[in-house]
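Read through the structure below, which is laid out as structure tokens, and then see the notes.
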Amino acid sequence: MNTIPRYAVFGNPVAHSKSPQIHRQFALQEGVEIEYERICADIGGFAQAVEAFFADGGRGANVTVPFKQEAFALSDEHSERALAAGAVNTLILLENGKIRGDNTDGIGLTDDISKRLGVELSDKTVLLLGAGGAVRGVIPVLKEYRPVRIVIANRTHAKAAEMAAHFDIEAIPLDELEGGFNIIINGTSGGLSGQLPAVSPKVFEHCTLAYDMVYGEAAEPFLAFARQSGAKKTADGLGMLVGQAAASYRLWRGFAPDVLPVVQYMREL
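Numbering (this note's numbering), first residue to last: 22 to 290.
Pasting the structure below:
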């Protein structure tokens with residue numbers, strides 16, 4: 022019988038996922054051996070794939086696009102963060118055989134901004150661009166930091182308004198945005214195809230930090246636009262990716278990895 026603890030990330034597509042390399046670094050820090058694989062679940066076959074993984078000895082899993090809502094539905098119990106987000110990115114097999122769903126995306130984002138980048142979130146004005154699952158997942162933890170104002174703006178305003186009402190925050194149409202935001206976070210996937218959110222450069226006039234949830238080259242169009250428009254500091258989402266992974270690892274194994282050297286390691290790959 023295989024005694025090496027098994028973990029995985031489920032997605033579709035998932036071949037691009039950096040999670041195996043990240044979790045391998047965490048295991049080295051802990052001084053243990055783990056297996057961590059990518060599993061591309063069929064659309065419509067996510068629940069069966071997860072059940073098969075746990076039945077075959079899996080201990081825990083990460084979940085990425087497009088399965089975070091399905092992971093929520095599949096979980097037997099949920100953390101408060103997962104309940105608030107309505108989405109799950111971390112599955113934990115409990116001793117009683119049940120599956121607990123959690124969401125560590127918000128921790129990954131807020132830890133990266135407040136700890137690694139040293140930018141205060143409390144008493145700040147925050148603009149979130151986009152109203153998809155990525156943004157929804159981070160709002161509950163973002164609110165815990167008590168920014169003075171959180172605004173969502175999205176290409177489809179009705180979607181932003183609905184999300185804002187759910188979380189008791191504000192929604193403003195993209196073309197009506199003015200300056201005055203300390204922190205601007207891009208949660209749209211437009212950068213993957215080179216597209217920019219349709220916002221005026223003046224939105225960045227008082228911006229301390231412009232942050233893109235995606236990382237690497239995909240983040241560069243937005244971050245370059247932010248810099249040209251006056252943002253003092255910019256950052257991509259690699260630290261968020263490593264941070265949410267570290268929070269998942271801790272939930273599975275009770276060991277808190279050091280995020281900083283792993284961010285550096287991943288940057289150099």
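Quick reminder that beta carbons are idealized off the backbone N, C-alpha and C, glycines included. Small disclaimer: the values here were computed from a predicted structure and weren't measured.
Presumed contact (8 Å Cβ cut-off) between residue i and residue j, rounded CB distance
i	j	result
Thr136	Val109	Note that residue 136 is Lys in the sequence shown, not Thr. Contact doesn't hold; Cβ gap of about 24 Å is too wide.
Ile293	Leu148	Past the edges of the chain, shown from 22 to 290, lies residue 293, and the structure says nothing about it.
Met295	Lys39	The structure shown does not extend to residue 295, since the chain is modelled only from 22 through 290, so no value can be given for it.
Thr131	Val162	5 Å
Asp5	Ser100	Residue 5 falls outside the range modelled here, since the chain spans only 22 to 290, and no answer is possible.
Ala143	Arg167	Correcting the residue identity first, residue 143 is Ser in this sequence and not Ala. With a Cβ gap of about 5 Å, Ser143 and Arg167 count as contacting.
Val283	Phe47	7 Å
Val86	Ile60	Going by Cβ atoms, the distance from Val86 to Ile60 rounds to 14 Å, so no, they are not a contact pair.
Leu195	Ala219	5 Å
Arg170	Gly107	About 23 Å separates the two Cβ atoms, so there is no contact after all.
Ala185	Ala192	4 Å
Lys145	Asn207	At roughly 17 Å, the Cβ-Cβ gap does not stay under 8 Å, so Lys145 and Asn207 are not in contact.
Tyr28	Gly81	5 Å
Thr255	Ala267	That belief does not hold up - the Cβ atoms of Thr255 and Ala267 are roughly 23 Å apart, past 8 Å.
Val84	Ala94	Wrong, their Cβ atoms sit about 11 Å apart, outside the cutoff.
Ala73	Asn33	Going by Cβ atoms, the distance from Ala73 to Asn33 rounds to 15 Å, so no, they are not a contact pair.
Nearest candidate by alpha-carbon position, reference residue i, set the options
i	options	result
Leu281	Gln265, Gly275 and Thr125	Gln265
Val263	Leu95, Tyr57 and Gly129	Gly129
Pro278	Ile43, Ala192, Pro87 and Leu115	Ile43
Ala240	Ser250, Ser221 and Asp257	Asp257
Glu51	Glu289, Gln285 and Phe276	Phe276
Gly237	Gly139, Val172 and Gly215	Gly215
Arg271	Thr125, Gly153 and Gly32	Thr125
His227	Leu198, Gly211, Ser269 and Pro242	Leu198
Ala252	Ser221, Arg274 and Trp273	Ser221
Gln285	Gly260, Leu115 and Arg274	Gly260
Val53	Pro26, Ala181 and Glu98	Pro26
Glu165	Arg102, Glu289, Gly32 and Leu217	Arg102
Gln69	Leu49, Arg45, Ser96 and Glu56	Ser96
Val30	His187, Gly139 and Tyr57	Tyr57
Ser250	Gly200, Ser210 and Ser269	Gly200
Gly151	Arg45, Thr209 and Arg274	Thr209
Arg274	Gly153, Val172 and Ile113	Ile113
Leu104	Glu289, Leu217, Thr24 and Phe188	Phe188
Those residues which DSSP pairs with residue i across a bridge
i	result
Gly32	Cys61
Arg288	Answer is none; Arg288 lacks a bridge partner.
Glu98	Arg121
Counting pairs of Cβ atoms below 8 Å between the stretch 65-82 and the stretch 227-234, do you hit three or more?
no
Every unbroken alpha helix (DSSP H) within the stretch 175-231, with a cutoff of 4 residues, ordered by chain
178-188
Those runs of the alpha helix (DSSP H) which lie wholly inside the stretch 36-93 and span at least 4 residues:
40-51 and 67-76
Sequence ranges, alpha helix (DSSP H) only - wholly within the stretch 107-185, length at least 4
126-132 and 154-165
Alpha helix (DSSP H) segments (min. 4 residues) lying fully within the stretch 229-283:
241-249 and 259-274
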